Every structure is written in C-alpha cells, then in structure tokens.
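Mapped onto my numbering, the consecutive letters of the sequence shown carry residue numbers 262 to 350.
Quick reminder that beta carbons are idealized off the backbone N, C-alpha and C, glycines included.
Since the model is a prediction, treat every value here as computed from it, not as a measurement.
See below for the structure under consideration.
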Amino acid sequence: MRVTTKGQVTIPKQIRDHLGIGPGSEVEFVATDEGARLVAVNQNLSEEEAFRKFREVLDKMEGTLDLGGMTTDEYMEWLRGSREDLDVG
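Structural data, given as structure tokens:
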C-alpha cells in the first residue's frame, strides 16, 4: 500500500472488518523489529465482544507454558529459588 503526501494509508477492508475499525475509530502504529504493527485502540466493545477477543488470546496461548506437572506453589518456589538463604532477622 502507498502512503499519501499527507502520510495517510488506506487500511484494507478485510483488516478493518477483522479489527472492528470503522469511521471515527482510533488506531496506532507501533514500531517493532520487523516493521510496524497496526493496533486498534479505545474500542467501545460490548462485554460479549471483549470476552470473545480475550478468549482468542487465551486460546493462542494455550499450551505455551508447560509446568511439567508442578503445582502453582511448586512452580513459584522453583521460579524464586530456595528461600532458606533469606535473612529473616
């Protein structure tokens, strides 16, 4: 896509629809190592739509943290290390 002399770009309809971007929506361009990323901000989503989007993120993260059968307490102890060397007094 081309940038106009005013620095404007046209966001393809498929992307606008996917992100729920319409007239008056606010977006940000975020610089990354790979280039730039378009982020929709300040969305007035219904509770149902916000939950759906949150669920999508959780689904993408599913299975990315394998605790090897550890409980949360065991994992936190492993993460923090032994606390026996702490000076309590």
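Among the residues of its own chain, which have a CB less than 7 Å from the CB of residue i, if the five just before and after it don't count?
{"i": "V264", "result": "V270"}
{"i": "V291", "result": "A297, R298, V300"}
Helix, strand or coil for residue i per DSSP?
{"i": "T333", "result": "helix"}
{"i": "V264", "result": "coil"}
{"i": "V318", "result": "helix"}
{"i": "R298", "result": "strand"}
{"i": "E287", "result": "strand"}
Mind checking whether residue i and residue j have CB atoms under 7 Å apart?
{"i": "L328", "j": "Y336", "result": "yes"}
Cutting at 8 Å between CB atoms, please list the residues of its own chain near residue i, excluding the five before and the five after it.
{"i": "R341", "result": "none"}
{"i": "P273", "result": "M262"}
Starting from the C-beta of residue i, find all residues in its chain whose C-beta is less than 6 Å away, skip the five residues before and the five after it, and write them out in chain order.
{"i": "D278", "result": "none"}
(request) State whether the segment 311-318 contacts the segment 282-301, with contact taken as three or more CB pairs (one from each stretch) at a distance under 8 Å. (result) no
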